[in-house]
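Notes to accompany the following structure.
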Amino acid sequence: MQDHIRVESSPPKVDEAAKIHEVIYYLKKLFENPVAKGLISKVATPKRLEKVLAIYCGAAEASGIKDRVYAKGIAEIVAKAAERFDIDEELLKGGLRDPYYRRGVANVVAGIAKYGITLPQKLYAPFLVVWNFTNRCNLRCKHCYANAGKVDDELTLEEKLDLLRQLDDAGVVAISFSGGEPLIHKDFWKVAEYASKLGFHVSVATNGTLITPEVAGRLKEIVDYVEVSLDAANPATHDEFRGVKGAFERALNGIKSCVDAGILTGIATTATKLNLKEIPEIVSLAERLGVYRLVVFNFIPTGRGKEITSLDLNAEERRWLLEFLYDSLQRRNLQVLSTSPLYAVVSVEKVLEGKGERMTPTHFADVCMPSDSALVLADFLGGCGAGRLYCGIQPNGDITPCVFLPLVVGNYRNGFLKIWQENSILELLRDRDGPDYACKDCDYKYICGGCRARAYGYFGDIRGTDPGCFIGSADV
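This is the structure:
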């Protein structure tokens, strides 16, 4: 979603977050007609589309006749459809002037051109790639999905840079460096700088213990978002969970350093029976620290997490948690989100019951918009994003549908985009209507669909039941 120009921006407000989702919602309507799809199919790739959209919205100049023709065609389609669908064309142009948004919209539109309108929508390339940059780590967390600490083969620096070029060519919007602990690796800074130069939205998922004010200052120049893991509101619980005494204070200092440096900062918490009662305190702590976002992660029984499945939440606990998080989202001065696809169900039900105004139709984004628009968007992009909205890449270049779903579908050396578009396992994850899909008869299959990593972690079946689902009365 970005040209090869560095753009400094302040943290997005709620109405700005809504704007990009409205842009996607409107473009969905626009490109359902055959004329539009025919035009877009000629442009073909997200990278080309990104340029044409930049010309259309006035963010770039045409460099050739074809670009001018395609941009004019886009303008005519939008103008004709704007009146029919009561679309605010200036809203579209305003959203598309943001380079990150533009890159994301180009990906969606390219997906529509390639696959048509699907439920949920198939994308040309993933929005997000979570890259487990290394297995090296300075902590020993009980729930570590990567089983970090053991270092086998990892990509060379040149291979890492080549991987970034492939992701850029494919039209990937965002890269999140994770691990292990990405900041511990000598190649991190050079690779992150290159990712920023290529125009990705760059984020880092870190345990925060290595972030000093000096490190935060350096991160400010490269990354768009830093997310620090914090699993408790008190040192004892966090340190016990993370396996190293003093981890809490160092993580807290890392968060403060990022906030003080002006970095868009978030806190990540994995909910288990150990810290469930502390979640309200964690929300309050996040607000006091001045972070932008708190994301409460699903527990997934993978990596070292297999050893502590007894700490997973049951259905009743999960419902309480998600309803508490949603209520906090309504009244707190920060985003309070969850990686559980069931969060979208809670938000939709609350809005339809008149008990809430904010909607999180894609379960990972706070969107304030009319309920009818949000519901359409939820069907369009909502639900578990494994192998559909995002994928994982391991330190050796292996590609998985999600970093929490350890099924290798290929290695980037064999062509990232080819694997994304042709792998049979990824195709299964994108089909919510198959006869063997556990949620096929659920009214919420498009906006939720269950966490596929949990289904695989518990039952070895990517299309199985998500334990803890309180809609289908399943339980852990």
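Okay, so the sequence shown: first residue is 2 according to the numbering used here, each after it adds one. Glycine included, C-beta positions come from ideal geometry on N, C-alpha and C.
Cβ neighbours of ILE480 in the same chain (closer than 7 Å, five flanking residues each side left out): Only positions 2 to 477 of the chain appear in this structure, which leaves residue 480 out of reach.
On a Cα-Cα basis, can you pick out the residue from LEU290, LYS356 and ASP240 that is closest to LEU275? Selected option, being the one with the closest Cα: ASP240.
Report the rounded CA-to-CA distance for GLU90 versus ALA76, giving the unit in angstroms. 9 Å
I need the DSSP call for HIS239, collapsed to helix, strand or coil. helix
With a threshold of 16 other CB atoms inside 10 Å of the CB of LYS446, please say whether the residue is buried or exposed. buried
Taking only three categories from DSSP, how would you classify CYS449? It is coil, neither helix nor strand.
To the nearest angstrom, how far is the alpha carbon of VAL70 from that of PRO214? 50 Å
According to DSSP, is ILE394 part of a helix, a strand, or is it coil? strand
Does THR401 come out as helix, strand or coil in the three-state DSSP assignment? Of the three classes helix, strand and coil, the one that applies to THR401 here is strand, per DSSP.
Hey, how far is the Cα of ILE78 from the Cα of VAL245? 59 Å
If you reduce the DSSP assignment to three classes, tell me which class GLN336 lands in. strand
With which residues is ARG294 paired in a DSSP beta bridge? GLY267 and GLN336
Using only CA atoms, which one of GLY355, TRP421 and THR273 lies nearest to LEU323? Nearest option by C-alpha distance: THR273.
My output table needs one value for GLU228: the three-state DSSP class, helix, strand or coil. strand
Any 3 or more C-beta pairs closer than 8 Å across the stretch 421-437 and the stretch 97-114: no
Got a sec? Which residues, its chain only, sit under 8 Å from LYS94 by beta carbon, not counting five neighbours each side? TYR57, CYS58 and GLY59
Please return the same chain residues whose Cβ sits closer than 7 Å to the Cβ of GLY263, not counting the five positions on each side in sequence. LYS221
Going by DSSP, name the residue or residues bridged to VAL346. Note: VAL346 sits in no beta bridge, so no partner.
For ASN412, the three-state DSSP class (helix, strand or coil): Under the three-state reduction of DSSP, ASN412 is assigned to strand.
LEU168 and VAL130 look like a contact to me (Cβ under 8 Å); what is the Cβ gap, rounded to whole Å? 6 Å
Which same chain residues, not among the five before or five after SER329, have their C-beta less than 7 Å away from its C-beta? Within the same chain, and ignoring the five residues on either side of SER329 in sequence, the residues whose Cβ sits closer than 7 Å to its Cβ are VAL284 and VAL337.
DSSP beta-bridge partners for THR207? VAL229
Whole angstroms is fine: what's the gap from VAL106's alpha carbon to ALA237's? 44 Å
I'd like to know whether the C-beta atoms of GLU288 and LEU335 end up nearer to each other than 7 Å. yes
Less than 7 Å between the beta carbons of GLY180 and THR135, yes or no? yes
ALA193 by DSSP, collapsed to three states: which one? helix
I'd like the list of long-range same chain contacts for CYS470, defined as Cβ closer than 7 Å, with 5 residues on each side in sequence excluded. ALA316, LEU343 and GLY451
In the DSSP output, what is ILE176 paired with across the bridge? VAL130 and VAL203
Would you kindly check if the distance between the Cβ of LEU312 and the Cβ of ARG243 is under 7 Å? no
In three-state terms, what does DSSP make of ALA234? coil
Do you know offhand how far GLU308's Cα is from CYS142's? 12 Å
So what does ALA387 bridge to, in DSSP terms? TYR391
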